[in-house]
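What follows is a set of notes on a single structure, which appears directly below.
Structure (structure tokens):
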């Protein structure tokens, strides 16, 4: 794997075809979040620093370009998508107790849970308010439904903690609902907004879904294999939070009874110790990681097949490279 | 003051003119929240029991009738408004650490903060998704903006904890933003949806704002004077949470330095003791309550003047009686 800084500059290069659009998107987000009270501004400035890759915004713009469907409103749609993503991140920090995200102290560390809830609600509200200003209602509709589905995914995930017997299908449904939904919505809106283009929208939605699900699977692998230094956020938090991810499910399904008991114990014992290290050393979880990476690879290949049905263009090439990039990333 | 059960049956009587609409609203909410996964259903069933007065839904319907502006969609608008209200209640429970709301254990007592955040997000998302299905975008627009303003109010309130020097104007801005906003939006939508009727919409919006602000002021008074038995939720939580409400602001502004020090100490001392009792006994806070009730009275009279510009009808009479009722309530 490339070191993080080269990876980031590589990603920057992939997003070049839509650099102007991303600049407009950033300006729109900044304008949406400024001009409010000092208390709000103080919070918003803080999250500004962990806006990160803006991959979802780039997908709106690239899918617009790659399908010759770009409009003046695409950068606003991208801003709405990113603000919803930010809201989910902020609320996730309440959920996970994660200690570090992108090397900036989480909102709920610098402030408290109450503030994180309010700031997330504010971001959702601002995003929906912006979407209702657009000329077509498609953006509000697709993203309201996407947000609902993300919540259902998170709720199901919370209800499935310590469920070591979960099927892969259910794991993928949950991982997809909470993560791939917004990728799918971003790609669909890029290809379909403001109206029509149903078939093209459905294809790009599927592309986004596969890309996002692969992204989440790789994320789940990195939580078991990477260092905090590499990914820029806490690792091992899934195990800490009782989330049974694909690598662990795979290992559990293939384990004998004593190894299963060991896995359950490592997840649930009071003294944390090195839970991830113990899973790796004693429970064949790295073989599960290999299996999960293979599954992510399958999804990416299916996503690539879809995008290759589009006519060649710089934007299409970027989408293809982003898909490849999701597999290779170490952050 | 009437005992609670007579008050409730009195309120039921006031809502009779829109009983059918409220029934349709309840059915719409039930339909919106059912049909999802067992994990979601389990949560939703729980909150079903603290839906309460549905006063905001009734205001949509009554304002529609009183302005001869009712449509088939008004009960759906009422459902969106109630779902947003429910979402704010659920997230408020994370915020306040309130222990009892309407005598049903709070979501965050039966589950945890994470679940409350997710359920609130789900309710917001469902509400916005429903609003995007309506024929006019007015509902989405007004309620997205209202939700944003509610969040800003809550954020400002959090930033103003233990601020004993707050002006009354700022107190009213915050109390209005967090509470009156949704009343104002409900009344405006009732009178304006789906389009036009700007003047009538603005008048009923103002009616809702004054009604909602009076409601919040009375709420703040009850937190200092009522028993948990009377209001059906924890009392004294404002003092516990560092919220300086109008009665306390009034008393503080008129107190000598030693009483001011006492007020600050009662709010901030480590041993809680009987904070509310001490404020009442030692700091003239009951005179502040009297002043605040007088201010609520002023607001209600202004609200009544507005509604009396409408032609007489059963709906108008209900709106007038509800306004009077807000002053008299003990819950």
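Protein chains in written order, with our numbering: chain A, 4 to 334; chain B, 4 to 334. All residues carry an ideal CB built from backbone N, CA and C; glycine is no exception.
- Residue environment: residue 161(A) is assigned as buried (16 or more neighbouring CB atoms within 10 Å of its CB, all protein chains considered).
- For the region 311 to 325 of chain A, the set of residues with a beta-carbon nearer than 7 Å to any beta-carbon of chain B is empty.
- In this chain, the alpha helix (DSSP H) harbouring residue 116(B) covers 116 to 135.
- Of all residues in the region 159 to 176 of chain B, only 159, 161, 162 place a beta-carbon less than 7 Å from a beta-carbon of chain A.
- With a beta-carbon spacing of about 15 Å, residue 93(B) and residue 155(A) fall beyond the 8 Å limit used to define contacts.
- Taking C-beta separations shorter than 7 Å and ignoring five residues to either side along the sequence, the partners of residue 299(A) in its chain run 217, 220, 221, 330, following chain order.
- Annotation: residue 209(A) has no Cβ neighbours in chain B at a cutoff of 9 Å; minimum Cβ distance is about 21 Å.
- Comparing C-alpha distances from residue 255(A) to each of 167(A), 124(A), 209(A), 195(A) shows the shortest one belongs to 167(A).
- Setting aside the 5 residues that flank it on each side, residue 145(A) is surrounded in the same chain by 188, 191, 192, each with a C-beta closer than 7 Å to its C-beta; the list follows chain order.
- A residue is called buried when at least 16 other Cβ atoms come within 10 angstroms of its Cβ; residue 90(A) meets this threshold and is buried.
- A check of alpha carbon separations from residue 10(B) across 29(B), 37(B), 56(B), 20(B) identifies 56(B) as the nearest.
- For residue 195(A), the closest Cβ of chain B is not nearer than 7 Å.
- Taking the Cα positions, residue 232(B) is about 16 Å away from residue 224(B).
- The beta-carbon of residue 151(B) is placed less than 7 Å from the nearest beta-carbon of chain A.
- Neighbours of residue 140(B) across chain A, judged by C-beta separation under 9 Å: 135, 140, 143.
- Sequence-distant Cβ neighbours of residue 208(B) in its own chain, meaning closer than 7 Å and more than five residues away, are 187, 190, 191.
- Close CB contacts of residue 73(A) within its chain, under the 6 Å cut and outside five residues either way in sequence, are with 67 (chain order).
- Among the CB atoms of chain A, one or more fall inside 7 Å of the CB of residue 129(B).
- The continuous alpha helix (DSSP H) containing residue 324(B) extends over residues 317 to 331.
- Rounded to whole angstroms, the separation of the alpha carbons of residue 249(B) and residue 124(A) is 26 Å.
- Assigned with DSSP and collapsed to three states, residue 26(A) falls in helix.
- When the five nearest sequence neighbours on each side are left out, the beta carbons in the same chain lying within less than 7 Å of the beta carbon of residue 290(A) are those of 254, in order along the chain.
- Taking the CA atoms as reference points, residue 13(A) sits about 40 Å from residue 143(B).
- At a Cβ-Cβ threshold of 7 Å, residue 185(A) and residue 326(A) do not count as neighbours.
- Taking a Cβ-Cβ threshold of 9 Å, none of the residues of chain A is close to residue 308(B); the smallest such distance is about 31 Å.
- The C-beta of residue 88(A) comes no closer than 7 Å to any C-beta of chain B.
- The three-state reading of DSSP puts residue 181(B) in helix, counting H, G and I together.
- Judged by pairs of C-beta atoms under 8 Å, the region 259 to 277 of chain B touches the region 235 to 247 of chain B, as three or more such pairs exist.
- Of all alpha-carbon atoms in 121(B), 148(B), 176(B), the one lying nearest the alpha-carbon of residue 159(B) is that of 176(B).
- Straight through space, the alpha carbons of residue 183(B) and residue 170(B) are spaced by roughly 18 Å.
- Residue 69(A) and residue 15(A) have their C-alpha atoms roughly 18 Å apart.
- Below the 7 Å Cβ cutoff, chain A contributes 154, 157, 158, 161 as neighbours of residue 121(B), in chain order.
- With its beta carbon at least 7 Å from every one in chain B, residue 243(A) lies outside the interface.
- Closer than 7 Å to the CB of residue 328(A) there is not a single CB belonging to chain B.
- If you look at residue 261(B), you'll find it in the alpha helix (DSSP H) that goes 260 to 271.
- A distance below 6 Å between beta-carbons, with the five flanking residues on each side excluded, links residue 47(B) to the following residues of its chain, in chain order: 36.
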